[in-house]
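Below is one structure, written out as structure tokens, with a few remarks after it.
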């Protein structure tokens, strides 16, 4: 039975494996594209006619190698996973990983997918002060470093979901809560300040103390940014129904402005 028959079924389905064809010249290295040209034309037409989407991948760009040496060596992305729109709408997130080709000339494909959950999920909030951390930019870059040929809307949703997941893991495992960081730095400052009257107090300690002062100032600024963001979110959410909050917030801002002059 031809695979194209499945396109008439109103069911979620995927095709996975070695298609022995590539979609474009970027999916091979070494040799001439003429070897793949005709297959590539039919393969692209098959995907288009059956309204399929390439799920993309993480890892090496090629899934096959002829394992020869020198100029005879060839690489190509012959293996992939395709899905129809009904399948894509069933899953909140998915990714395909190209595993090492240790026992074959082809890379195994590992598909990880998560169903849409009808349970109420915890709201994700991006804190603006995260932008001051290089790790935040690095995790966002990693999240978006995933090739996919899904529809633009599905691809965008998939990448945003990956970004949320990456940032949540970073926040929970790597990012110390601001209040905890501030308290820790204050303890270190108090410890060094208590040693200032000691004869053993050195210039190196003075440099360390100055660094802690700067770190404390930076953390307080980040905390201020965080609460300013929370205040704006509350105003957007409640508007005039939250007039007491708005007036109190405006009053506090007025006091801060006056104290700076």
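In UniProt numbering, the protein residues as written are 1 to 261.
Here a beta-carbon is modelled for each residue, glycine too, at the ideal position from N, C-alpha and C.
Item	Value
Residue 136 to residue 95 span [Cα, whole Å]	21 Å
Residue range of the unbroken alpha helix (DSSP H) whose run includes residue 96	First-last for residue 96: 91 to 98, but that is the beta strand (DSSP E), not the alpha helix (DSSP H).
Where residue 77 falls: helix, strand or coil (DSSP)	coil
Helix, strand or coil at residue 195 [DSSP, three-state]	coil
Chain-order list of residues whose beta-carbon lies under 7 Å from that of residue 30 (same chain, five-residue window excluded)	73, 74, 75
CA-to-CA distance, residue 109 to residue 102, given in whole angstroms	13 Å
The stretch 216 to 225 in contact with the stretch 174 to 184 per 3-pair CB rule at 8 Å	yes
Outcome for residue 80 when other beta-carbon atoms lying within 10 angstroms are tallied against a minimum of 16	buried
Endpoints, the beta strand (DSSP E) within which residue 112 is located	109 to 115
Three-way DSSP call (helix, strand, coil) for residue 103 in this model	coil
Those residues which DSSP pairs with residue 226 across a bridge	Paired residue(s): none; residue 226 is not in a bridge.
CB contact flag (residue 78, residue 63, <7 Å)	yes
Secondary structure of residue 20, DSSP reduced to three states	coil
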